[in-house]
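Q: Protein chains in written order, with the working numbering: chain A, 4 to 371; chain B, 514 to 979. Cβ coordinates follow ideal geometry from the N, Cα and C atoms, glycine included. Since the structure is predicted, the reported quantities are computational estimates derived from the model, not experimental observations. First, the structure itself, so that you have it in front of you.
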Ligand SMILES: Cc1cc2nc3c(=O)[nH]c(=O)nc-3n(C[C@H](O)[C@H](O)[C@H](O)COP(=O)(O)O)c2cc1C
């Protein structure tokens, strides 16, 4: 088969996509929040050949008490993982509904430096009123207002990433200037609810701009590198994908796979005794590895990648890495990221020109 | 050669603790030397942290500034600038170090407790009990221009907010009972029902209601550092901190006076007066002989205080743009211009510029110094210069007399600047019995020899403290 490879992302928060996933995990609950566990899952995903891992997050507990209520912040986990892996892309989920966009921008730029250009950002929202009370901030009540905070947050982060030109650090011994202040820029952002002056305190990230992923109905396409689309079946995914103007489209796919010990259906039924796997309108594959390979082959005609959400990481990630990725790779349907390659290049996305540098150049040319 | 502890000093068994301060915005890191590495490349951070760990340092320390400095409305371009977010960088270092503490300077004015407490907890868990938090408040308003809250919070309110912030953070850190999470996948529930407590706080600064998402770490919760020199800052430290990152470590008498002041404040709030470690920031310049060390210092100062930097420093003192003057010539003839706000962000306020200038003139005339030589000689005196053996004796004197508990060392070169300290000075300190030969334990709290976190002390501990 020819054509561009399908990019595979996997969401690795907690013990898996199912709320009761921890009951089938290979470790005890009190081992979830340990560095060993965090590093181990990332290493398995990297060795399997995934392009990207994403790490879900939010200020509220991931589950309803007393079931999984613990989670280390996604940026901290991402940074830790970046230092213990070498090729896989790493994208924390970071909501900007209440967070400070300046901090978010600095943290993500730092993650890109730490990972030598392997960082992404999954833009998300804090929807529940409890999140506002946790932050101690006025409630951002309706969907439009949350979309506005997301849009402004991404705009600020992206502008700050450009606020240092790539070569702003000049280390000019002759003039004793460390920086060229002409290559540093105030962003002077003014939105509906706040303003940010700039410039950043972190030099421009190695990728210029991190890879920004998000839902096209929540974040304007022009701000996204990768639109994350959902649909219950192939046709609705195809329709949603065709509607987005973002450079890349990834489909959200929930997977439960047959393992040597039990079928996917049996495994799911076991967990369903404890809690329901809520239907979020996403494509869901419950079955064999072969069928998943076929499904991904079909999806490749409509999307550039998929984000897999495995039922139980310890079980499904093993099948993915032993059967699914090798089969796809054999048929040249996926390509594993190469060492030393940025996430952007792996995805075939260009390194963006710096908006301020481009503007300065344009002014110079006008003057000529 | 092994020397025994002299017993006629106040603290014969005292140990010296070292931290390393990877500086952010500053002109003391020599970036112009050929062996000066990147200030942002993760390899630089890794190398410094790993060298410090080889030298059995307690902590790797990062500062924070949330806006680029400006002079007269223009971004200051002479200093090293451009640094990573501290907690993010430290979380990465947690993966490549095993024992050294990881201390983040994080602002309580421009963060919210739910978020910052959780990020610090995450660092503490990922490092298995090696996190520290240097609580700073920011001494300016212009940083606010980068944040939702904007603008200004006055000095007193900043410490009030910091204290209430810490109260909320500690409640969050203590929100899970020990053993809250099941130790078997077959358990009836992930956590013991009722073992995770909702934190509700209503105060003048914060009105929050949330469920903490993380257990306590191996050291309870992050070690609290404080860096601020005002009376309020010192009282805040006495009430809350485990470690003070002070600016009093050059001169023995000054250091001792500061330490005595802190001990007095500790007793006043009912804490034992050895409950807190005092680690002044310092630079250490080593030479094989005293003469060589002095020559090296001279070279280092010339790299740090370039002609342009000297004119910049003098410009702030005079309140005049001196950038077109000759740094190697005489001092400016003009009297200093004293204004309320000179529009310079990040400069220390000078109480009485006229008096300082008068002193500079007198000294420059007496010794025949140029402007640059004057800036170097009369600017802030930094650090300790000498042979490894001479400095080891000096530090033994400092620590055994209770003037300090150690130093937060600022290397003048990144990433190799700690090598000679680790290879030459540490062995001398070990010979004198004032430096560890192995890490005390796995956590930062244990290595610093600290008691349990203030909120975790049992009743007898508290009585003892009282
Ligand atoms: C040795 C030392 C280091 C400091 N480092 C920082 C820093 O990295 N970031 C910061 O925002 N403030 C830093 N500060 C400033 C203080 O935290 C504090 O906000 C400021 O000194 C005002 O408080 P004060 O009036 O009590 O001194 C430092 C202060 C001292 C003495």
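Note down, in chain order, every chain B residue with its Cβ under 8 Å from the Cβ of residue 167 of chain A.
A: Working through the first chain from its first residue, we reach residue 167 of chain A at position 164. The answer, in chain order, is 595.
Q: Taking just the CA atoms, how far does residue 200 of chain A sit from residue 137 of chain A?
A: Here residue 137 of chain A is taken as the residue at index 134 of the first chain, counted from 1. Here residue 200 of chain A is taken as the residue at index 197 of the first chain, counted from 1. Each residue's Cα considered, the two are about 27 Å apart.
Q: Does DSSP classify residue 973 of chain B as helix, strand or coil?
A: Residue 973 of chain B sits at position 460 when you count from the first residue of the second chain. Low confidence applies here, because residue 973 of chain B scores a pLDDT of 48, under 50, leaving its location unreliable and the question unanswered by this model.
Q: When the Cα atoms are used, what is the spatial distance from residue 540 of chain B to residue 822 of chain B?
A: Residue 540 of chain B sits at position 27 when you count from the first residue of the second chain. Residue 822 of chain B sits at position 309 when you count from the first residue of the second chain. Using only the alpha carbons, I get a separation of about 8 Å.
Q: Would you grab the beta carbon distance between residue 736 of chain B and residue 957 of chain B for me? Rounded to a whole angstrom, and I think it's under 8 Å.
A: As a working note, residue 736 of chain B is residue 223 in the second chain. As a working note, residue 957 of chain B is residue 444 in the second chain. Right, the Cβ-Cβ distance comes to about 5 Å (below 8 Å), so this counts as a contact.
Q: Hey, is residue 976 of chain B's beta-carbon within less than 8 Å of any beta-carbon in chain A?
A: In the second chain, counting from the first residue as 1, residue 976 of chain B sits at position 463. Per-residue confidence for residue 976 of chain B stands at a pLDDT of 38, beneath the threshold of 50, marking its modelled position as unreliable; no derived number is given.
Q: Can you find a CB in chain B that lies within less than 8 Å of the CB of residue 360 of chain A?
A: Along the first chain, read from residue 1 onward, the residue named residue 360 of chain A stands at position 357. For residue 360 of chain A, the answer is no, since every Cβ of chain B falls outside 8 Å of its Cβ.
Q: Which residues in chain A have a C-beta closer than 9 Å to the C-beta of residue 774 of chain B? List them in chain order.
A: Reading the second chain from its first residue, position 261 is the one you call residue 774 of chain B. Under the 9 Å cutoff, chain A gives no residues; its nearest Cβ is about 33 Å from residue 774 of chain B.
Q: For the 8 Å Cβ check, are there 3 or more pairs between the stretch 8-20 of chain A and the stretch 680-688 of chain B?
A: The answer is no - the stretch 680-688 of chain B does not touch the stretch 8-20 of chain A, with fewer than three Cβ pairs under 8 Å.
Q: Which residues in chain A sit within 7 Å of residue 555 of chain B, going by Cβ to Cβ distance?
A: Along the second chain, one-based indexing puts residue 555 of chain B at 42. Residues of chain A passing the Cβ test: 116, 117.
Q: Please determine whether the Cβ atom of residue 542 of chain B lies at a distance below 7 Å from any heavy atom of ligand 1.
A: As a working mapping, residue 542 of chain B is identified with position 29 in the second chain. No.
Q: Applying a beta-carbon distance threshold of less than 9 Å, which residues of chain A neighbour residue 574 of chain B?
A: Working through the second chain from its first residue, we reach residue 574 of chain B at position 61. Near residue 574 of chain B there are no residues of chain A at all, since even the closest Cβ is about 16 Å away, more than 9 Å.
Q: What's the gap between the Cα of residue 818 of chain B and the Cα of residue 888 of chain B?
A: Position 305 of the second chain, counted from the start, is the residue given in the question as residue 818 of chain B. Position 375 of the second chain, counted from the start, is the residue given in the question as residue 888 of chain B. The straight-line gap from Cα to Cα measures roughly 8 Å.
Q: Give me the chain A residues within the contact set of residue 578 of chain B, using Cβ-Cβ distance strictly less than 8 Å, ordered along the chain.
A: Residue mapping note: residue 578 of chain B aligns to position 65 of the second chain, counting from 1. Per Cβ cutoff of 8 Å: 204.
Q: Below 8 Å, how does it come out for the stretch 89-96 of chain A and the stretch 610-621 of chain B: are there three or more Cβ pairs, yes or no?
A: Verdict: no, contact absent.
Q: Can you name the residues of chain B whose CB is closer than 7 Å to the CB of residue 3 of chain A?
A: Look at the range of chain A in this structure, 4 to 371, and you will see that residue 3 of chain A is not part of it.
Q: Between residue 536 of chain B and residue 925 of chain B, what straight-line distance do the alpha-carbon atoms span, to the nearest angstrom?
A: Here residue 536 of chain B corresponds to residue number 23 of the second chain, with the count starting at 1. Here residue 925 of chain B corresponds to residue number 412 of the second chain, with the count starting at 1. Whole-angstrom Cα-Cα distance: 9 Å.
Q: Are any of the Cβ atoms in chain B nearer than 8 Å to that of residue 25 of chain A?
A: Position 22 of the first chain, counted from the first residue, corresponds to residue 25 of chain A. Yes - at least one Cβ of chain B is within 8 Å of the one on residue 25 of chain A.
Q: Of the choices A:256, A:57, A:104, whose alpha-carbon is the least far from that of residue 122 of chain A?
A: Within the first chain, the letter at position 119 stands for residue 122 of chain A. Of the listed residues, the one whose Cα sits closest to residue 122 of chain A is A:57.
Q: Just the C-alpha distance for residue 559 of chain B and residue 601 of chain B, rounded to the nearest angstrom, thanks.
A: Position 46 of the second chain, counted from the first residue, corresponds to residue 559 of chain B. Position 88 of the second chain, counted from the first residue, corresponds to residue 601 of chain B. Spanning the two alpha carbons is a distance of roughly 13 Å.
Q: What residue does the beta strand (DSSP E) around residue 595 of chain B start on, and which one ends it?
A: What you label residue 595 of chain B is simply residue 82 of the second chain in a count that begins at 1. Residue 595 of chain B -> no beta strand (DSSP E), and no H or E assigned at all.
Q: Do we get a CB-CB distance below 8 Å when we pair residue 5 of chain A with the residues of chain B?
A: The residue you call residue 5 of chain A lines up with position 2 of the first chain. Interpretation of residue 5 of chain A is limited by its pLDDT of 45, a score under 50 that renders its predicted location unreliable; the figure taken from the coordinates is listed afterwards. Judged by the 8 Å Cβ criterion, residue 5 of chain A is not in contact with chain B.
Q: Ignore the nearest five residues each way along the sequence and tell me which others in residue 723 of chain B's own chain have a CB closer than 8 Å to its CB.
A: For the purposes of this step, residue 723 of chain B is identified with residue 210 of the second chain, where counting begins at 1. For residue 723 of chain B, where only same-chain residues beyond five positions count, the Cβ hits under 8 Å are 627, 685, 711, 712.
Q: So if DSSP puts residue 858 of chain B in a beta bridge, which residue, or which two residues, is it bridged to?
A: Residue mapping note: residue 858 of chain B aligns to position 345 of the second chain, counting from 1. Partner(s): B:583.
Q: Under a Cβ-count criterion, where at least 16 other Cβ atoms within 10 Å of its own Cβ denotes burial, should residue 810 of chain B be classed as buried or exposed?
A: Working through the second chain from its first residue, we reach residue 810 of chain B at position 297. It is buried - the Cβ of residue 810 of chain B has at least 16 other Cβ atoms within 10 Å.
Q: Just to confirm my understanding: we take residue 973 of chain B, look at its own chain, exclude 5 residues before and 5 after, and list those with CB closer than 6 Å. What are they?
A: One-based indexing of the second chain puts residue 973 of chain B at position 460. Reliability fails at residue 973 of chain B, whose pLDDT of 48 lies under 50, so the model's placement of it is uncertain and no value is given.
Q: Under 8 Å by Cβ, that's how I've got residue 237 of chain A and residue 302 of chain A pegged, so tell me the actual separation to the nearest angstrom.
A: Locating residue 237 of chain A in the first chain gives position 234, where the first residue counts as 1. Locating residue 302 of chain A in the first chain gives position 299, where the first residue counts as 1. Residue 237 of chain A to residue 302 of chain A, Cβ: 7 Å. Contact.
Q: Within 8 Å (strictly less), CB to CB, does residue 178 of chain A reach chain B?
A: Residue mapping note: residue 178 of chain A aligns to position 175 of the first chain, counting from 1. Answer yes: the Cβ-Cβ gap between residue 178 of chain A and chain B drops below 8 Å somewhere.
Q: Can you have a look at residue 755 of chain B and say buried or exposed, based on whether 16 or more other CB atoms are within 10 angstroms of its CB?
A: By one-based count along the second chain, residue 755 of chain B stands at place 242. It counts as buried.
Q: Measure the Cβ-Cβ separation of residue 647 of chain B and residue 570 of chain B and say whether it is below 8 Å.
A: Walking along the second chain from the start, residue 647 of chain B turns up at place 134. Walking along the second chain from the start, residue 570 of chain B turns up at place 57. Against a cut-off of 8 Å, the Cβ pair of residue 570 of chain B and residue 647 of chain B comes out as no contact.
Q: Any heavy atom of ligand 1 closer than 7 Å to the CB of residue 743 of chain B?
A: On the second chain, residue 743 of chain B is found 230 positions in, with the first residue counted as 1. True, at least one ligand heavy atom lies under 7 Å from that Cβ.
Q: So for residue 276 of chain A, helix, strand or coil by DSSP?
A: The count along the first chain starts at 1 and reaches residue 276 of chain A at position 273. Correct three-state label for residue 276 of chain A: coil.
Q: Examine the Cβ distances between the stretch 566-584 of chain B and the stretch 918-934 of chain B and report whether three or more of them are shorter than 8 Å.
A: Yes, the stretch 566-584 of chain B touches the stretch 918-934 of chain B.
Q: Taking the beta strand (DSSP E) that residue 744 of chain B belongs to, which residues open and close that run?
A: The residue given as residue 744 of chain B occupies position 231 in the second chain. No beta strand (DSSP E) contains residue 744 of chain B, which is instead part of the alpha helix (DSSP H) from 744-753.
Q: Quick one: does residue 720 of chain B have its CB under 8 Å from some CB of chain A?
A: Position 207 of the second chain, counting from 1, holds the residue named residue 720 of chain B. Yes, contact with chain A.
Q: Report the three-state DSSP secondary structure of residue 710 of chain B (helix, strand or coil).
A: As a first step, residue 710 of chain B is located in the second chain; it is residue number 197 there, counting from the start. DSSP places residue 710 of chain B in coil when its eight states are reduced to three.
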